[in-house]
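Undergrad:
2 protein chains.
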Amino acid sequence: MSIQKKVGILGGGQLGRMLLQEAPNLDIYVAVLDPDKDAPAKYLCHHFVQGSFSDFDTVYQFGQLVDLITIEIEHVNINALKKLQSEGKEVYPQPEIIELIQDKGLQKQFYQNNSILTSPFVLLNDTTDLITVSPDFFPAYQKSRKAGYDGKGVKRIEHNSIDAKEALSGPTVLEKAVNHQVEIAVITASNGEGQVISFPVIEMEFNAEANLVERVWMPSELPDSIQQKAHKVAKELTLKLGIRGLLAVEMFVTHEGEILVNEIAPRPHNSGHQTIEGCTISQFAMHWRAILGLPLITPQTTSVSCMVNVLGEKGFSGPVKYLGMHEVLEMSKVYPHLYGKKITKPFRKMGHVTLCGDSRNELKIKSSKVMQVLRVISN
Amino acid sequence: MSIQKKVGILGGGQLGRMLLQEAPNLDIYVAVLDPDKDAPAKYLCHHFVQGSFSDFDTVYQFGQLVDLITIEIEHVNINALKKLQSEGKEVYPQPEIIELIQDKGLQKQFYQNNSILTSPFVLLNDTTDLITVSPDFFPAYQKSRKAGYDGKGVKRIEHNSIDAKEALSGPTVLEKAVNHQVEIAVITASNGEGQVISFPVIEMEFNAEANLVERVWMPSELPDSIQQKAHKVAKELTLKLGIRGLLAVEMFVTHEGEILVNEIAPRPHNSGHQTIEGCTISQFAMHWRAILGLPLITPQTTSVSCMVNVLGEKGFSGPVKYLGMHEVLEMSKVYPHLYGKKITKPFRKMGHVTLCGDSRNELKIKSSKVMQVLRVISN
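Chains as they are written, first to last, in the working numbering: chain S, 1 to 379; chain W, 1001 to 1379.
Next up, the structure:
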């Protein structure tokens, strides 16, 4: 091995899979822990352990196999990571940062305490608290404090008179809806050796029905002053957290050009996939460098790029079948990435396609064609 | 699986490794056969079989596990492949083409029979035949007809009065040395559905001592007319062979601008590695498309690129250790690819580094720095 440290990843989904496609370039030994015996990353690692990354004993024992533990999902057992760290294992991102980020309420309080602009919010212990919120706080988004992702655990609420049965139960954070012009993201990397870099600003386009990102654009076409502000916010957040690894910072840009932090993730992120083909270095290559304390370089775009999520089609659940791949492969500078999931479900992320080109207009047409022809159904 | 056919690769070296880094994007099931239990491609495949790819029974049994068999090295058991093909398995490239190419004597005869320009040659049964060759045929290169690669099985001979003990024994082909300005290569792909494409012309720069390629340049700076001729020769050869898969065609460009075919290889090739970062599609992605009968697209360069082989340093044999990787990672648009070999030997290919940039001059300086700082030694 070129890299002497053995690395373990908690989680073996598509992010782990893409980390593993990159890892051989530096000859990194990687073990993976995932509950799914058919996890997308399973066959690409040196050693796979089937088990729950939220179980203390499982994570603790998995940690014994390696020198450095990292994550591709934040819903992991923090106590096990803290114990591993106290016993001399390296854990990046650091357990206390993952712990903060895995709770959307703590995330919001962190922004507030560190003077980082974010939308107004209220913490709710349960649905009964809803009625205590001022009517003019609505419309708002109610989010489960823990374990929500990909549009799950998020509910738009129009008014506090909502039937409590319609709302999300348990501890949640209620966020005032932001009237924004666009949602953007900046991914940063920090290597614990003083280097902090940021990837180009990306713009997200949503599928309203699924509340999932449908298309991502790079570079952003926002005024340079706003982009600079976004880089500044993301880097400040990175430094204030003191994270080593990647930090994906999702932000709202208001109509007034103000930037509000929405959510953060301490790992490779869906909004950074097109860095594989559209940047001089990918978020996956950067993740390895960051957690291993290797030199970071500033990523530059190499073309205009667009990332399209490949989602399971509504109405289909079961063994996956792809239609239209032939047409996609006929298009130049179009890069499919399938995640190897055996089972499709409505709106499940089954893969993504990156398109590179000279202009956003060109890619609007091409990506629409990809979204039209590439279908994920089941037999 | 998106691709319904299971694929088996004979050979699990660095070419197999890079094929496997690409395979997940189309969700291809891949099994690998290699004699080395630590083969570079081993841990990246779905199923690994340790065994000899030159043994009939081993290859035949391995073939039973999959639907389509391909290669990353041409020194494989042809009879087993022919039997598998006759029993309904797909084999690409086709066994009879691998058989022709694995014999450097048959290769030369094929060029001659198909009016493809190549250097003058003589077939020798053994060293005793040397004396029968006219003195004005020398200097010449003597090559073992089978199993020679990477500078092994090749000997430069100045005169037919050479001591027979100095020459290569067994059946060889003696090729008149060509007084050339540059050695180039074009990799083609053919998908069996009528599509034949070719990658941009690359130029090779040799390490004289090891008779190994040291730097590869893309795109070529030769006059367009010569490059067009090179594409034409490579595509003609592809069509005349009727190969399905990749064909790497190494050619000499004489001082008069004439193109002579040197050698061919029916697989991904060392001269095509920089297509990963320097082209709109890599040779590895193209190989999968070609053998699976999927659409091919014409590759375009995305920047000037240079590939540097990372070779084991003279005087070191044993467990590998890399020096200077930190300095390499500090350079922007520089992409190391380590092959994961545990043991280094003098001039063994341990990896490669691709550099991208705006001009050859810029990359000459950067690549010299890489070659200077990156050292492969052993403890």
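Glycine included, every Cβ here is placed at the ideal spot set by N, Cα and C.
1. Would you mind listing the beta strand (DSSP E) stretches within the stretch 258 to 326 of chain S that are 3+ residues and don't spill past its ends, in chain order?
2. Does the beta-carbon of Ala164 of chain S have 16 or more other beta-carbons within 10 angstroms, so that it is buried, or is it exposed?
3. With 16 as the cutoff for other CB atoms within 10 Å, does Glu1208 of chain W come out buried or exposed?
4. Could you say if the stretch 1278 to 1289 of chain W and the stretch 1258 to 1266 of chain W meet the contact criterion of at least three C-beta pairs nearer than 8 Å?
5. Taking only beta-carbon atoms, is Asn270 of chain S less than 9 Å away from chain W?
6. Are Asp1027 of chain W and Phe1048 of chain W close, meaning C-beta to C-beta below 9 Å?
7. Please classify Lys333 of chain S as buried or exposed, where buried requires at least 16 neighbouring CB atoms within 10 angstroms.
8. Any beta-carbon of chain S closer than 9 Å to the one on Gly1340 of chain W?
9. Am I right that Thr1058 of chain W and Val1007 of chain W are in contact with their C-beta atoms under 8 Å? What's the rounded C-beta distance?
10. For chain S, is any of its Cβ atoms less than 9 Å away from the one on Cys1045 of chain W?
11. Whose Cβ in chain S lies nearer than 7 Å to the Cβ of Lys1333 of chain W?
12. For Val1271 of chain W versus Met1204 of chain W, is the C-beta spacing smaller than 9 Å?
13. Please list, in chain order, the residues of the stretch 1003 to 1021 of chain W that have any C-beta partner in chain S closer than 7 Å.
14. Please list, in chain order, the chain S residues whose beta carbon lies closer than 8 Å to that of Tyr1322 of chain W.
15. Is the distance from the Cβ of Ile1078 of chain W to the Cβ of Gln1102 of chain W below 9 Å?
16. For a contact defined as C-beta to C-beta under 8 Å, what are the partners of Pro171 of chain S on chain B?
17. Who are the neighbours of Arg360 of chain S on chain W, taking C-beta pairs under 7 Å?
18. Counting C-beta neighbours from all protein chains within 10 Å, is the total for Thr132 of chain S 16 or more, i.e. buried, or is it exposed?
19. Would Ser2 of chain S and Tyr1322 of chain W qualify as a contact pair, given that the criterion is a beta-carbon distance under 9 Å?
20. Roughly how many angstroms lie between the CA atoms of Tyr339 of chain S and Pro319 of chain S, to the nearest whole one?
21. Going along the chain, which residues of its own chain have a beta-carbon closer than 6 Å to the beta-carbon of Met307 of chain S, five neighbours each way excluded?
22. Taking just the CA atoms, how far does Phe284 of chain S sit from Glu1166 of chain W?
23. Using the three-state DSSP reduction, which class does Ala1189 of chain W fall into: helix, strand or coil?
24. Can you tell me whether Lys1366 of chain W is buried or exposed? The criterion is at least 16 other CB atoms within 10 Å of its CB, across all chains shown.
25. Quick one, which of S:Arg375, S:Met218, S:Leu130 has its alpha-carbon nearest Pro139 of chain S's?
26. Could you tell me how far apart the beta carbons of Gly381 of chain S and Glu72 of chain S are, in whole angstroms, since I believe they sit closer than 8 Å?
27. Who are the neighbours of Glu1403 of chain W on chain S, taking C-beta pairs under 8 Å?
28. Per DSSP, Phe206 of chain S forms a beta bridge with which residues?
29. Express the C-alpha separation of Phe1199 of chain W and Lys1232 of chain W in angstroms, rounding to a whole number.
30. Determine whether the beta carbon atoms of Ala1185 of chain W and Glu1250 of chain W lie at a separation below 9 Å.
31. Name, in chain order, the residues that DSSP records as bridge partners for Cys1045 of chain W.
32. From what residue to what residue does the alpha helix (DSSP H) around Arg17 of chain S run?
33. Does any CB atom of chain W fall closer than 9 Å to the CB of Thr302 of chain S?
34. Quick one: what's Asp1034 of chain W bridged to in DSSP?
35. Figure out for me which residue from S:Glu236, S:Leu106, S:Val66, S:Ser115 has the closest Cα to the Cα of Tyr92 of chain S.
36. Run down chain S in chain order and give the residues with a C-beta less than 9 Å from the C-beta of Asn1025 of chain W.
TA: With the given structure in hand:
1. 259 to 265, 304 to 311, 318 to 323
2. What you label residue 164 of chain S is simply residue 164 of the first sequence in a count that begins at 1. It is exposed - the Cβ of Ala164 of chain S has fewer than 16 other Cβ atoms within 10 Å.
3. Looking up residue 1208 of chain W in the second sequence gives position 208. According to the sequence as given, residue 1208 of chain W is Ala; it is not Glu. The residue is exposed, with fewer than 16 neighbouring Cβ atoms inside 10 Å.
4. no
5. The sequence position of residue 270 of chain S within the first sequence is 270, counting from 1. For Asn270 of chain S, the answer is no, since every Cβ of chain W falls outside 9 Å of its Cβ.
6. The count along the second sequence starts at 1 and reaches residue 1027 of chain W at position 27. The count along the second sequence starts at 1 and reaches residue 1048 of chain W at position 48. Contact: no.
7. Here residue 333 of chain S refers to the residue found at position 333 of the first sequence. Within 10 angstroms of the beta-carbon of Lys333 of chain S lie 16 or more other beta-carbons, which makes it buried.
8. By 1-based counting over the second sequence, the position of residue 1340 of chain W is 340. Interface criterion met: the Cβ of Gly1340 of chain W is under 9 Å from a Cβ in chain S.
9. The residue labelled residue 1058 of chain W in the question sits at position 58 within the second sequence. The residue labelled residue 1007 of chain W in the question sits at position 7 within the second sequence. That pair is no contact at about 17 Å.
10. As a working mapping, residue 1045 of chain W is identified with position 45 in the second sequence. Residue contact check for Cys1045 of chain W against chain S: a CB pair falls below 9 Å.
11. Residue mapping note: residue 1333 of chain W aligns to position 333 of the second sequence, counting from 1. Neighbours of Lys1333 of chain W on chain S, chain order: Thr280.
12. Position 271 of the second sequence, counted from the start, is the residue given in the question as residue 1271 of chain W. Position 204 of the second sequence, counted from the start, is the residue given in the question as residue 1204 of chain W. The sequence given here has Ser at residue 1271 of chain W, not Val. Going by C-beta atoms, Ser1271 of chain W is nearer than 9 Å to Met1204 of chain W.
13. Arg1017, Gln1021
14. Indexing the second sequence from 1 puts residue 1322 of chain W at position 322. Within 8 Å Cβ-Cβ: Ser2.
15. One-based indexing of the second sequence puts residue 1078 of chain W at position 78. One-based indexing of the second sequence puts residue 1102 of chain W at position 102. Yes, they are a contact pair.
16. The structure shown contains no chain B; its protein chains are S and W.
17. Counted from its first residue, the first sequence places residue 360 of chain S at position 360. Neighbours of Arg360 of chain S in chain W, taken as residues whose beta carbon is under 7 Å from its own, are absent, since the nearest beta carbon is some 19 Å off.
18. The residue labelled residue 132 of chain S in the question sits at position 132 within the first sequence. So Thr132 of chain S ends up on the exposed side.
19. Numbered from 1 along the first sequence, position 2 holds the residue referred to as residue 2 of chain S. Numbered from 1 along the second sequence, position 322 holds the residue referred to as residue 1322 of chain W. Cβ atoms of Ser2 of chain S and Tyr1322 of chain W: closer than 9 Å.
20. As a working mapping, residue 339 of chain S is identified with position 339 in the first sequence. As a working mapping, residue 319 of chain S is identified with position 319 in the first sequence. Straight-line Cα distance between these residues: approximately 14 Å.
21. Mapped onto the first sequence, residue 307 of chain S falls at position 307. Within the same chain, Met307 of chain S has close Cβ partners Val216, His273, Gln274, His352, Thr354.
22. Reading the second sequence from its first residue, position 166 is the one you call residue 1166 of chain W. Reading the first sequence from its first residue, position 284 is the one you call residue 284 of chain S. Going by the C-alpha atoms only, they are around 51 Å apart.
23. Locating residue 1189 of chain W in the second sequence gives position 189, where the first residue counts as 1. Strand.
24. The residue labelled residue 1366 of chain W in the question sits at position 366 within the second sequence. When all chains shown are included, Lys1366 of chain W counts as buried.
25. The sequence position of residue 139 of chain S within the first sequence is 139, counting from 1. It is S:Leu130 whose Cα lies nearest to the Cα of Pro139 of chain S.
26. Past the boundaries of the shown model lies residue 381 of chain S; chain S is included only from 1 to 379, so the question cannot be answered.
27. Residue 1403 of chain W is absent from the structure shown; chain W starts at 1001 and stops at 1379.
28. Start at 1 with the first residue of the first sequence, and residue 206 of chain S comes out as number 206. S:Val213.
29. Sequence index remark: in the second sequence, residue 1232 of chain W carries index 232 (1-based). Sequence index remark: in the second sequence, residue 1199 of chain W carries index 199 (1-based). So the alpha carbons of these two residues sit roughly 12 Å apart.
30. Within the second sequence, residue 1185 of chain W is the residue found at index 185, counting from 1. Within the second sequence, residue 1250 of chain W is the residue found at index 250, counting from 1. It is a contact, given that the beta carbons lie within the stated cut-off.
31. The residue you call residue 1045 of chain W lines up with position 45 of the second sequence. None; Cys1045 of chain W has no bridge partner.
32. Taking the first sequence and counting its residues from 1, the one referred to as residue 17 of chain S is at position 17. Run containing Arg17 of chain S: 14 to 22, per the alpha helix (DSSP H) assignment.
33. Working through the first sequence from its first residue, we reach residue 302 of chain S at position 302. Closer than 9 Å to some Cβ of chain W, the Cβ of Thr302 of chain S qualifies, so yes.
34. In the second sequence, the residue the question calls residue 1034 of chain W occupies position 34. DSSP, once it has assigned bridges, lists W:Gln1050 as partnering Asp1034 of chain W.
35. Residue mapping note: residue 92 of chain S aligns to position 92 of the first sequence, counting from 1. For Tyr92 of chain S, the nearest C-alpha among the options comes from S:Val66.
36. Residue numbering aside, residue 1025 of chain W sits at position 25 when the second sequence is read from its first letter. Ordered by position in chain S, the residues that pass the 9 Å Cβ test against Asn1025 of chain W are Gln21, Tyr335, Pro336, His337, Leu338, Gly351.
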